[in-house]
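Counting from 42, one number per residue, gives the positions in the sequence shown under my numbering. A virtual CB, placed ideally from N, CA and C, is assigned to each residue, including glycine. Contents: one structure, followed by commentary.
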Amino acid sequence: MHATSQADAAPREIFGQPRGLATLFLTEMWERFSYYGMRSILILYAVGAVSGGGFGFDDRVASAIYGLYIAGTYVFALFGGWMADRLLGAQRAVLIGGILIMCGNALLVVGRLDFFFLGLTVIVLGVGLLKPNISVMVAELYPEGGSRRDAGFSVFYVGISVGALPGSILVPLAAARFGWRFGFVLPVAGMMLGLGQFLLTRRWLGQAGRTVHRREGGAGWMPVIVFAAAMTA
């Protein structure tokens with residue numbers, strides 16, 4: 042009985058790593074599948090002939106849209122990290138970010154110009170919430186630090202390549218074979234799978250990503266209000 046209690050109290054691991062690493066590995070893998078898959082057809086979709094379902098943009102306009110989209114994901118990551126630290130916690134930030142990424146890609150499936158720009162904006166917000174905070178949770182799985190944490194990050198980074206490579210291949214193939222809209226369906230499905238397994242195995246994360254450093258009063262919401270005002274101006 043005593044031995045059983047000790048076994049239950051011990052942290053469960055997979056191949057010497059916390060079980061929560063598997064949760065974050067798969068979440069990042071599917072997010073990168075979605076991100077790089079959509080990115081691989083973005084310019085082609087923008088410059089594609091209207092008769093073929095594209096928007097017929099000039100090459101320079103399409104490149105500018107692509108560049109702004111990529112830059113936006115990095116810029117908003119700063120704000121996404123702040124939101125997790127002050128308002129949401131990393132776990133909820135990752136969950137909300139994944140939902141936004143899925144919804145943003147779903148908007149691209151519609152095939153209308155207004156939904157196209159709205160979808161890209163929603164994806165930017167989602168990536169900005171998910172990307173910086175999932176790495177924070179990886180670090181929090183290893184409070185002791187050291188070489189074990191380094192090994193954990195090495196495993197986690199493998200997930201980026203495992204997701205990015207097939208996404209960059211399968212999404213363009215699907216778009217070429219079945220049309221642009223079906224190409225955007227795959228990123229939606231990928232992020233849906235990532236969110237599903239995150240919710241099913243979220244308990245493996247324990248307390249990682251649950252801490253929120255709140256400030257007294259409403260001052261902590263001021264950056265959110267300013268950002269929302271800038272977005273709607």
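For residue 58, which residues does DSSP report across the bridge?
55
Would a C-beta distance cut-off of 7 Å place residue 225 and residue 150 closer than the cut-off?
yes
By Cβ distance below 6 Å, which residues in the same chain neighbour residue 81 in space, the five residues on each side in sequence not counted?
209, 212, 213
Residue 61 beta carbon less than 7 Å from that of residue 363
With the chain covering 42 to 274 only, the question about residue 363 has no answer from this structure.
Span of the alpha helix (DSSP H), counted from its first residue to its last, around residue 211:
187-219
7 Å Cβ cutoff met for residue 88 and residue 105
no
Considering only residues of the same chain and omitting the five flanking positions on each side of residue 118, which have a CB-CB separation below 8 Å?
168, 169, 172, 173
Does DSSP put residue 249 in a helix, in a strand, or in coil?
coil
Cβ-Cβ distance between residue 33 and residue 69 below 7 Å:
One cannot answer for residue 33 here, as it falls past the ends of the chain, which runs 42 to 274.
Work out the CA separation of residue 194 and residue 204 for me, nearest whole Å.
16 Å
Helix, strand or coil at residue 134 according to DSSP, with G and I counted as helix:
helix
Using only alpha-carbon positions, find the residue among 78, 242, 246, 217 that is nearest to residue 93.
217
Spatial neighbours of residue 233 within its chain, please: CB distance less than 7 Å, with the 5 preceding and 5 following residues excluded, ordered by chain position.
143
Own chain, CB closer than 7 Å to residue 77, minus 5 neighbours either side, in chain order:
205, 208, 209
Collapsed DSSP secondary structure at residue 141 in the structure displayed
helix
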